[in-house]
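> Going down the list, the protein sequences come from chains A and B.
When the letters of the first sequence are read in order and numbered with the numbering used here, they come out as residues 1 to 344.
When the letters of the second sequence are read in order and numbered with the numbering used here, they come out as residues 1001 to 1265.
For each residue, glycine too, the CB sits at the ideal point set by N, CA and C.
Supplied in structure tokens, the structure appears directly below.
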Amino acid sequence: MRIDYSIDHPVRLEVNFEVEGFTILLGQSGEGKTTLLRAIAGLLPAQGEPFGGLLPQHRAVGYLPQGYALFPHLRAWENVAFGLPRGRQRRAQALELLARVQLVDVAEHYPSALSGGQQQRVALARALARKPQLLLLDEPSSALDAATRDEVMAELISEMHEFGLPALAVSHDPHLAALADRVAVMSGRSIVQQGTPAEVLARPASAAVARLLGHRNLFTARVAGQKISGITLLRWEAVNGTTLRLPQQSGLAAGQLVQWMIAPTAVRLPSLESDQHHMDNPVSGRVESRLNLGAHFQVALRCGTERLWLSAPSNLVRHHGLETGREITVDLHSDGLLCWPHQG
Amino acid sequence: MSALVDVQAADGLPRSRTPALVGALTLLLIAGPFIALASATHWSNFHFAPGDMGSIAVSLGYSLISLMLIVAFGTPLAWWLARHSFRGKWVLEAIILLALLTPPLAMGILLTTLYGPYGPLGSLLTQTGVELTNSAPAFVLAQFYGALPYYVVAARAAFEGVPRELEHIALTLGKSPWQTFWLVSMPLARLGLAAGIALAWVRAVGEFGIVLILAYYPQGIPVKLWVNLQDIGLSAVYPLLWVFFLVAMPLPLILGLASRRQRLF
């Protein structure tokens, strides 16, 4: 489903993107993401398709606002039944919908007695009751606690797949991007990139997008030159003028300021076999801190005035004895380096 | 000092005793006149003056009619004030404030000026056979004016307390604005509306100043108390006052308890 909307007030906004399965629209707070959802739901004046010009009560959308907005004076099943036509089947249909989100047990409870995740699923069942063509979710992960967030979201997404409904979720949480079928990124009040999570996460279109996607290793450097052999050289001034080699970048002139990025997994520790000595871009640093994530470690290296994160298997980290304060030379894999002309 | 802090509040935390002591004193001040009434009443010779029963019927019956009119006219206005913002809204607020501010006696005079037999509206109505002075409709009109602004202020606050988002959600669930009002706004505002109705009842049933000017007849309890005092004396005031409390108290008491989610027993 194609979303094509323009809004004048309260923020000026023009967006055009594709919703497919569970789609995440990522953007910082204040970009107008909630405004866009409310416009699609018909709750504020806007022009666009789908549903353009219809009153909110005539739009086939299911809107789940932040905090879910369950009716506090109605029980869980009455909330779900709210949008159902009057009749003897009403309660049975509501209970059936609650069963599909595994919540029949709490049908008689008031919203105040439900957990955040349960409220979200009641809100989902309530939205589904009116047979929408599109689901709109505002920051679906914000009211969930960190410990169960991924699980609850994965369940929510699989439920939506089951219902076969396209859903548009807006969020500033890059974590959600990996769970989605499709990602669109909003920056400067317009869509700057869209695609599958794998595409977008691997190749952010700009440093701003990379930052929104939660990438941490973002730095600035200056173009040192282009080699005929198809290699671009960067001079990383913050780290003693270290030279970085990466596959040829077109449209960059020598001396130009660039932003570049490397995924923590592309920052490699020397391998266990000591005979392999070739390194694309050796960089030395001192271990500043490390996070134990079970099978993996996240290690922060202090390189010059910058902090470089690397992610490596636990056995490798132990092999190199990466305690705080330890000096190590790591390799920035050429293929993992991304770079863009500097903006702002 | 320890005696002043060694109190457990409802939440189980130790609290200072000072507010409770001051509160008790305030309550005693409020209760004072009624304690005096209880001791001044000649219980052994408790009897009503002629016409007292009629005044009870007038007060109860017409106050109920006024209350219904107040809710019917006041609710849409309160809703509109709560949900719409526009330039110059302060003018409307000032008008309501004006109605609250006007001394009842002055309001009675203003109403007589407008609705009296020589007033612009009154003379028109007289031609259709409706007398708006010293008549049942005049009595209802006086109570209506006395209590309406209080109800509007309370009901507006009640509607403002309903999250707009819930009304919006009701729309996205396919309900019309009218259905949304009845299914979401009214139920969620009900406690505040109940408090507003209780307040309006208290104002209407006890209204004296406006009634005295516009509708001396038919005599309701407040005017009859005045008449009894003038014609007979204090001894004729107390029994009627007891009955007044008896008939006027239940509605606001029950609504007040309901609005604080308490039970009588």
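1. Report the neighbours of B/V1184 on chain E: residues whose CB is nearer than 8 Å to its CB, in chain order.
2. Report the residue ranges of all alpha helix (DSSP H) runs contained in full by the region 47–115 of chain A; include only those spanning at least 4 residues, in chain order.
3. Judging by CA-CA distance, which residue of A/R286, A/H333, A/L332 is the nearest neighbour of A/H320?
4. What's the gap between the Cα of A/D173 and the Cα of B/A1024?
5. Measure the alpha-carbon distance for A/N281 versus A/P341 and round it to whole angstroms.
6. If you follow the beta strand (DSSP E) that A/I231 is part of, which residue opens it and which one closes it?
7. Can you grab the Cα-Cα spacing for the pair B/M1001 / B/A1020, in whole Å?
8. Just checking my contact of A/R189 with A/L337 at CB under 8 Å: how many whole Å lie between their CB atoms?
9. List the residues of chain A whose Cβ lies closer than 7 Å to the Cβ of B/G1174, in chain order.
10. Applying the criterion that 16 or more other CB atoms from any shown protein chain within 10 Å of the CB defines a buried residue, is B/R1260 buried or exposed?
11. Around the C-beta of B/A1036, are 16 or more other C-beta atoms found within 10 angstroms, so that it is buried, or is it exposed?
12. Alpha carbon to alpha carbon, how far is A/D349 from A/G32?
13. Would you say A/G62 and A/P166 are within 7 Å of each other, going by their C-beta atoms?
14. Taking buried to mean at least 16 other C-beta atoms within 10 Å of its own C-beta, is B/S1059 buried or exposed?
15. Are the C-beta atoms of B/H1168 and some chain A residue less than 7 Å apart?
16. Helix, strand or coil, according to DSSP, for A/D280 in the structure here?
17. To be precise: take each residue of the region 32–48 of chain A, compare its Cβ to all Cβ atoms of chain B, and keep it if any distance is under 7 Å. Which residues remain?
18. Provide the residue span of the alpha helix (DSSP H) that contains B/L1101, from first to last.
19. Of all the beta strand (DSSP E) runs that stay within the bounds of the region 10–46 of chain A, which reach a length of 3 or more residues?
20. By the three-class DSSP mapping on this structure, what secondary structure does A/G117 have?
21. Which stretch, first to last residue, makes up the beta strand (DSSP E) that contains A/A302?
22. With 16 other CB atoms within 10 Å as the buried threshold, where does A/G27 fall?
23. For B/H1042, is the classification buried or exposed, using 16 other Cβ atoms within 10 angstroms of its Cβ as the cut-off for buried?
24. Do you know how far the Cα of A/V330 is from the Cα of A/F219?
25. Roughly how far, in whole angstroms, is the beta-carbon of A/S192 from the beta-carbon of A/A178, given that I think they are within contact range, below 8 Å?
26. Under three-state DSSP, which class holds A/R149?
27. From the DSSP output, in three-state form, read off A/D181 for me.
28. Can you pull the DSSP bridge partners for A/T243?
29. Step through the CB atoms of chain B and report whether any lies within less than 7 Å of the CB of A/Y5.
30. Let me check understanding here. Comparing Cα to Cα, which of B/K1224, B/L1214, B/A1170, B/V1162 lies closest to A/R130?
31. Please classify A/Q161 as buried or exposed, where buried requires at least 16 neighbouring CB atoms within 10 angstroms.
32. Are the C-beta of B/E1165 and some C-beta of chain A separated by less than 7 Å?
33. Closer than 8 Å is the cut-off here; do at least three beta carbon pairs connect the region 58–73 of chain A with the region 35–43 of chain A?
34. Hey, out of A/P10, A/L135, A/A94, whose CA is closest to A/V19's CA?
35. Taking only three categories from DSSP, how would you classify B/Q1127?
Reading from the atomic positions:
1. Absence of chain E from the displayed structure is noted, the protein chains being A and B.
2. Annotation note: the region 47–115 of chain A contains the following uninterrupted alpha helix (DSSP H) runs of length 4 or greater, listed N- to C-terminal: 76–81, 90–100.
3. A/R286
4. Looking at the two C-alpha atoms, the distance is approximately 54 Å.
5. 20 Å
6. 231–236
7. Confidence at B/M1001 is low in this model, with a pLDDT of 44, below 50, so the placement of that residue should be treated as unreliable; the coordinate-derived value is given next. C-alpha separation (whole angstroms): 15 Å.
8. Their Cβ separation, rounded to whole angstroms, is 30 Å, which puts A/R189 and A/L337 out of contact at 8 Å.
9. Q57, G83, R130
10. exposed
11. Under this definition B/A1036 is an exposed residue.
12. The structure shown does not extend to residue 349 of chain A, since chain A is modelled only from 1 to 344, so the question has no answer here.
13. no
14. buried
15. yes
16. If DSSP states are grouped into helix, strand and coil, A/D280 belongs with coil.
17. A41, L43
18. 1089–1101
19. The region 10–46 of chain A is shown to contain whole beta strand (DSSP E) runs of 3 or more residues at 13–18, 22–26, in chain order.
20. helix
21. Here residue 302 of chain A is Arg; the residue named in the question, Ala, does not match the sequence. Taken as a continuous stretch (DSSP letters only), the beta strand (DSSP E) holding A/R302 covers 296–303.
22. So A/G27 ends up on the buried side.
23. exposed
24. 17 Å
25. Reading off the sequence shown, one finds Val at residue 192 of chain A, where the question assumed Ser. The Cβ separation is near 19 Å, so there is no contact.
26. helix
27. DSSP places A/D181 in coil when its eight states are reduced to three.
28. A/R235
29. A/Y5 does not count as touching chain B.
30. B/A1170
31. It should be pointed out that residue 161 of chain A corresponds to His in this sequence rather than to Gln. Flag for A/H161 reads exposed.
32. yes
33. yes
34. A/L135
35. Reduced to three states, the DSSP call for B/Q1127 is helix.
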